[in-house]
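Data first, discussion second: the structure below is written as structure tokens.
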Amino acid sequence: MSAPMPISRLVSHVILDLDGTLLNTDSVVSKVVKPFLVKNGKTWDSKKAYKVVGKTPYEAAAIVLEDYGLPYSTEEFLSMITPVFSEQWCNIKALPGATRLLKHLRSNGVPTALASNSPRSNIEAKISCHQGWKESFSAIVGGDEVEKGKPSPDIFLEAAKRMNATPSNCLVIEDSLPGITAGKAAGMHVIAVPSIPKKTAEFSSADVVINSLLDVRPEKWGLPPFNDWIEDTLPIEPWFISGPVIKGFGRGSKVLGIPTANLPAENFSDVVSEYTSGVYFGWAGLSTRGTYKMVMSVGWNPYFDNTEKTVEPWLLHNFGEDFYGEELRLAIVGYIRPEANFPSLESLIERIQEDGRIAEKALDLPMYAKYKDSPYLRNTLQLGSTNDDSQAELNSK
1 MSAPMPISRL VSHVILDLDG TLLNTDSVVS KVVKPFLVKN GKTWDSKKAY
51 KVVGKTPYEA AAIVLEDYGL PYSTEEFLSM ITPVFSEQWC NIKALPGATR
101 LLKHLRSNGV PTALASNSPR SNIEAKISCH QGWKESFSAI VGGDEVEKGK
151 PSPDIFLEAA KRMNATPSNC LVIEDSLPGI TAGKAAGMHV IAVPSIPKKT
201 AEFSSADVVI NSLLDVRPEK WGLPPFNDWI EDTLPIEPWF ISGPVIKGFG
251 RGSKVLGIPT ANLPAENFSD VVSEYTSGVY FGWAGLSTRG TYKMVMSVGW
301 NPYFDNTEKT VEPWLLHNFG EDFYGEELRL AIVGYIRPEA NFPSLESLIE
351 RIQEDGRIAE KALDLPMYAK YKDSPYLRNT LQLGSTNDDS QAELNSK
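Numbering of the sequence shown is given in the UniProt record's numbering, commencing with residue 1 and proceeding in unit increments.
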């Protein structure tokens, strides 16, 4: 996470982007466009997905047609694909920290606007699927309500106008380069939350770049701070994953001196894609051994520059032996920090050890300790599954 630039004036209003910032739209794009390409004899290339981030629907459609050589006009393509997208609006999940941020801003009386390149009707449909979201916005501006979409500043300037706010008093939170450009052109402060992995350096024009909405620090902008951090940890809505322990990169014990129990991420790639990279903690259940405290990283591990997103749990217990092949079930209950790079191996090891100490202490708190008794950790479940019943049972205690 980069440090914010000096702020000459504290902000009073917040303007948020929607797709990729509050909503995990990328998963739905893949779900809709991929089958369409298959029907047309093409193969979806996830590496090209970044090209449509932050674009208007028309611009995104034109890019897809050109990249894949599809024999349709942009208008024809949109007429075929838009109804399919509309059916998926309520399947788009909120990104980690989105609902928390909106509730915080609303409860503290911070005027907040939503400004998206999507048509206003699409915006309304998407946010209607999330309780309390529509009421959180003082203004909503769609790409079809201004002359030019992002990277033009029109959308943000219109949002400020509707809130009776001076642009320089507004804080924009965006995930895309067109959005960052638009916010700066509007004369606003900008927080970048890149939705494209491993592209942080490209967002240097923003005032600050953060890993996810979980890392927003409102007090740095003169806004009321969150008060939900406990013992250097942030409670989150628990999530549950499982899989057989596999051999990883061979660096846990040998390089770091920290034995991680690696899981095959492909078994639950859809689940992991919903969660931002970072360091989490919770409880780990081994089918033949019991339940243990654990801390884990999710992401690309910048120091080692992974090419794929991985899940690397560290069970806070000295086993004295390997247990490859055993089923490992995880209940992830809290967040510690964003994924970060380190100047040396020693500093990386020191930070991992500190993460372990934070998790070890926090998991003794009743709000986290209760998940040690989760039925999910005790029962043999299908690999990669989640267990909402376990979560509902424990949350009710």
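Note that CB positions come from ideal geometry on N, CA and C, so glycine has one too.
Close CB contacts of residue 127 within its chain, under the 6 Å cut and outside five residues either way in sequence, are with 133, 134 (chain order). In this structure, residue 192 keeps its C-beta atom at 8 Å or more from the C-beta atom of residue 156. Here the alpha carbon of residue 160 sits roughly 9 Å from the alpha carbon of residue 139.
Note on residue 170: 16 or more other CB atoms within 10 angstroms of its CB, so buried under the neighbour-count rule. Annotation note: the segment 69 to 108 contains the following uninterrupted alpha helix (DSSP H) runs of length 4 or greater, listed N- to C-terminal: 74 to 88, 98 to 107. In this structure, the CA atom of residue 294 is about 14 Å from the CA atom of residue 370.
Residue state for residue 122 is assigned as helix, using DSSP reduced to three classes. Residue burial is scored here from C-beta neighbours: residue 80 has fewer than 16 other C-beta atoms within 10 angstroms and is therefore classed as exposed. Here residue 356 is buried. Its C-beta has 16 or more other C-beta atoms within 10 Å. Between residue 291 and residue 372 a beta carbon distance of about 6 Å is seen, short of the 8 Å cut, so the two are scored as contacting.
Non-local C-beta neighbours of residue 136 in its own chain, meaning closer than 8 Å and more than five positions away in sequence, comprise 102, 103, 105, 106, 112, ordered along the chain. Contact annotation: residue 338 and residue 260 have beta-carbon atoms that are not nearer than 8 Å. The beta carbon of residue 142 lies closer than 7 Å to those of 116, 118, 119, 120, 123 in the same chain, with the five residues before and after it left out. Taking C-alpha positions only, residue 36 is separated from residue 91 by approximately 18 Å.
Counted as a single uninterrupted DSSP element, the alpha helix (DSSP H) harbouring residue 25 occupies residues 25 to 39. Closest by C-alpha distance to residue 145, out of 131, 129, 162, is 162. Judged by DSSP secondary structure, residue 280 falls within the beta strand (DSSP E) whose first and last residues are 278 to 286. C-alpha of residue 150 to C-alpha of residue 375: approximately 48 Å in a straight line.
Taking C-beta atoms as the reference points, residue 62 and residue 213 fail to come closer than 8 Å.
When DSSP states are grouped into helix, strand and coil, residue 112 belongs to the strand group.
With respect to the 8 Å criterion, residue 167 and residue 182 are not classified as neighbours on the basis of their beta carbons.
Here the alpha carbon of residue 24 sits roughly 14 Å from the alpha carbon of residue 85. It is roughly 10 Å from the alpha-carbon of residue 345 to the alpha-carbon of residue 351.
Shown here, residue 378 sits in a helix according to DSSP, grouped into three states. Residue 183 sits in a helix when the DSSP states are folded into three classes.
Between residue 217 and residue 200, the alpha-carbon positions lie close to 18 Å from each other. In the DSSP assignment, residue 315 falls within the unbroken beta strand (DSSP E) covering 310 to 315. Beta-bridge partners assigned by DSSP to residue 327: 244. In terms of Cβ geometry, residue 165 and residue 13 form a close pair [threshold 8 Å].
Boundaries of the alpha helix (DSSP H) around residue 362: 345 to 362.
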